[in-house]
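> For what it's worth, full-length UniProt numbering labels the leading residue of the sequence shown as 1, then goes sequentially.
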Amino acid sequence: MSRATVFFRRFVPSLVPVGRWERLRSSCGALLGILLTGFISSLAIGADASLPLLIAPMGASAVLLFAAPSSPLAQPWSILGGNVVSSTVGVTCALFIPDPVVAAAVAVAVAIGAMLMLGCLHPPSGAVALTAVLGGPAIHQAGYGFVLSPVAVNSLLILVVAPVFNNLTGRRYPHLAPAANPHNTQDPLPSHRLGVVPEDLQAVLAQYGEVVDISPEELDTFVHQAQIRAFERRSGEITCGEIMSRDVATVAPQASLRQAWKMLLEHRIKALPVVTENDGLVGIITQTDFMKHSTLTSDGRLQIGLRQRIGNIIGLPTTAPRVVSDIMTRRVQSALPETMIAKLVPPMADMGLHHMPVVDADNRVVGIVTQSDLIAALFQRRLDSAEDSRNVA
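(1) Just confirm the distance between the C-beta atoms of residue 220 and residue 73, as a whole number of angstroms; I'd bet it's less than 8 Å.
(2) Have a look at residue 114 and residue 99 and give me their C-alpha separation to the nearest angstrom.
(3) Are residue 65 and residue 158 touching if we call contact CB-CB under 8 Å?
(4) For a quick check, are the C-beta atoms of residue 45 and residue 149 less than 8 Å apart?
(5) Under the three-state reduction of DSSP, which class applies to residue 355: helix, strand or coil?
(6) Could you tell me the distance, in whole angstroms, from the CA atom of residue 141 to the CA atom of residue 134?
(7) Determine the burial state of residue 373: buried for a count of at least 16 other Cβ atoms within 10 Å of its Cβ, exposed for fewer.
(8) Residue 217 to residue 227, Cα distance in whole Å?
(9) Have a look at 120, 165 and 9 and flag the residue whose alpha-carbon is nearest the alpha-carbon of residue 24.
(10) Residue 239 and residue 370: beta carbons closer than 8 Å?
(11) Where DSSP assigns a beta bridge to residue 272, which residues make up the other side?
(12) Please work out which residues of its chain come closer than 8 Å, Cβ to Cβ, to residue 281, disregarding the five sequence neighbours upstream and downstream, and give them in chain order.
(13) Quick one: any contact between the stretch 105 to 119 and the stretch 69 to 88, if contact means 3 or more CB pairs under 8 Å?
(14) Within this structure, are the beta carbons of residue 62 and residue 19 separated by less than 8 Å?
(15) Mind listing, in chain order, the continuous alpha helix (DSSP H) runs of no fewer than 4 residues lying wholly within the stretch 97 to 156?
(16) Give me the Cβ distance between residue 284 and residue 329, rounded to the nearest whole Å; I'm assuming they're in contact under 8 Å.
(17) Specify the secondary structure class of residue 367 as computed by DSSP and reduced to three states.
(18) Please go through the same chain and pick out, in chain order, the residues whose beta-carbon is closer than 6 Å to the beta-carbon of residue 57, but skip the five residues on each side of it.
(19) Out of 36, 375, 207 and 251, which has the shortest C-alpha to C-alpha gap to residue 327?
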């Protein structure tokens, strides 16, 4: 590769490849966001208003909101706070600095500093500050009213559209940080106790000292996903089908709770996949499900039917849970026999799952993997690796 090619390639951004669906989704989101924002603004402000119904920077905001909704620069406080702060700065500069060029330069500079200080950096807001200075007589005459309408109105309206559209099309917005420890303790998640931990990423980002268009939480997620892929290669591609228990105790949705509890005790297990007549997975019932629907009596015994007793006290026509389908967990995470065991580490280590049903292509239960199965497989793999190393030596 020639030196000239290397030089010019530095000017081309290294973007992550985006599929056709994502390109279509982003474009449709921007279309819907701007269309509804403009339409509702015309109803709220009035089509004959002297101020514009839509400010031009909203187009740039739409790019971030719908094409990069996970960016820290596209979160609600970034958009609303950035636009309101920048428009306020721009109006102030236009009022007190006679030269429009100087006022525009000062407005953008102060707006950037204010957004960084308040944690609401939003690149299109720089254009909002410019618009407040160079937008023309109507905007100058409105003064600080420009901050409220159309800036705040436009920002709020597009922020109403963005969460609905993004979440309906499979993109989380606002982009929330990963969940904390599911056990509600101060301990970090098991996968964050060794290797690269969030504190390491925070230290590196602080040392970097520049604005990075990715949140520390998102970066942490990417790092751990990369570690799982690397582990998957090193683990010898062990699959769920190799380590799963095949003789699985299951229960039907119509089975009584007494029968399900008896099976848990007889098999000394903590969970039963709930299946249909053809073994189709429809749920799972665990000891935790029983505990959620139980209460302690005065002599320390567990009783099922807390809802019924409460209903009797307050006079509600409730029905006590009697069969498995009344208390089972219906949304069940499952795996395929060919799923690599590395994929089970995050849900079992961080999300607190103790059992993972294994299903075939028709969603019929063919096995189950427990935390014990996973630990045994990883331990055996470690022993095999150590033995191979000794043989080579």
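For each residue, glycine too, the CB sits at the ideal point set by N, CA and C.
So, from the listed chains and residues:
(1) Incorrect: roughly 18 Å between the Cβ atoms, too far for contact.
(2) Those two C-alpha atoms are separated by around 22 Å.
(3) In this structure, residue 65 sits near residue 158, with a CB-CB distance shorter than 8 Å.
(4) Their beta carbons are under 8 Å apart, which means residue 45 touches residue 149 by this criterion.
(5) DSSP, read as helix, strand or coil, puts residue 355 in strand.
(6) As the crow flies, the alpha-carbon of residue 141 is around 12 Å from that of residue 134.
(7) By the 10 Å Cβ count, residue 373 comes out buried.
(8) Cα-Cα distance, rounded: 15 Å.
(9) For residue 24, the closest alpha carbon among the candidates 120, 165 and 9 is that of 165.
(10) Result no, Cβ atoms of residue 239 and residue 370 do not sit closer than 8 Å.
(11) 285.
(12) For residue 281, where only same-chain residues beyond five positions count, the Cβ hits under 8 Å are 273, 274, 275, 332, 334, 357, 359, 363, 364 and 365.
(13) These segments touch.
(14) No, Cβ-Cβ distance for residue 62 and residue 19 is not below 8 Å.
(15) Fully enclosed alpha helix (DSSP H) runs of 4 or longer: 100 to 118, 124 to 134 and 137 to 142.
(16) Sure, about 5 Å apart at Cβ, within 8 Å.
(17) Taken through DSSP and simplified to helix, strand or coil, residue 367 comes out as strand.
(18) Closer than 6 Å at the Cβ level, and outside the excluded window around residue 57, lie 124, 127 and 128.
(19) When only C-alpha atoms are compared, the closest one is 251.
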